[in-house]
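Structure first, then comments.
Right under this line is the structure:
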């Protein structure tokens with residue numbers, strides 16, 4: 129499958145870092161200089177990328193595990209969804225969950241993007257649902273950790 133990307137930044141196109149990587153890194157495009165996220169502050173970070181996905185696919189924007197573990201930086205609406213018919217700039221909502229300021233530099237890898245097949249379902253209203261062993265139990269109902 130080929131994904132069309134318009135790149136208005138001076139950074140390389142997203143790519144898979146290894147043969148079995150699920151995600152491609154997204155880089156911050158900050159031509160006006162670094163941006164600082166204070167503790168518990170969120171911000172919208174541009175990438176300079178615009179994309180055309182095939183019908184029936186989405187792009188999921190997810191946190192980078194290293195940033196989350198080492199710096200407390202995560203994608204606030206994780207996973208963020210980019211729909212196949214969206215043609216605007218790819219932006220990432222980041223939040224700083226640490227106790228220290230986090231400086232985002234131009235070109236820094238801020239998130240990863242996973243391309244996934246998705247389907248639209250036909251929603252049908254009914255009066256009753258079929259019974260199951262679990263029923264309405266949730267949030268730890270099965271007793272398994």
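Residue numbers (the working numbering): 129 to 273.
Note that beta-carbon positions come from the ideal geometry of N, C-alpha and C, so glycine has one too.
Candidates the options, of which the one nearest residue i by Cα
i	options	result
residue 144	138, 219, 184 and 153	153
residue 166	148, 229 and 239	229
residue 244	211, 192 and 175	211
residue 135	160, 175, 162 and 151	175
residue 274	191, 252 and 138	The structure shown does not extend to residue 274, since the chain spans only 129 to 273, so no value can be given for it.
Whether residue i touches residue j by CB criterion (8 Å)
i	j	result
residue 187	residue 129	no
residue 173	residue 133	no
residue 207	residue 189	yes
Supposed close pair residue i, residue j - CB separation, criterion 8 Å
i	j	result
residue 222	residue 155	That belief does not hold up - the Cβ atoms of residue 222 and residue 155 are roughly 13 Å apart, past 8 Å.
residue 217	residue 181	Not a contact, Cβ separation roughly 14 Å.
residue 184	residue 247	7 Å
residue 213	residue 158	Going by Cβ atoms, the distance from residue 213 to residue 158 rounds to 27 Å, so no, they are not a contact pair.
residue 203	residue 239	5 Å
Element boundaries [alpha helix (DSSP H), containing residue i]
i	result
residue 194	193–199
Rounded C-alpha distance that separates residue i from residue j
i	j	result
residue 258	residue 264	11 Å
residue 199	residue 131	31 Å
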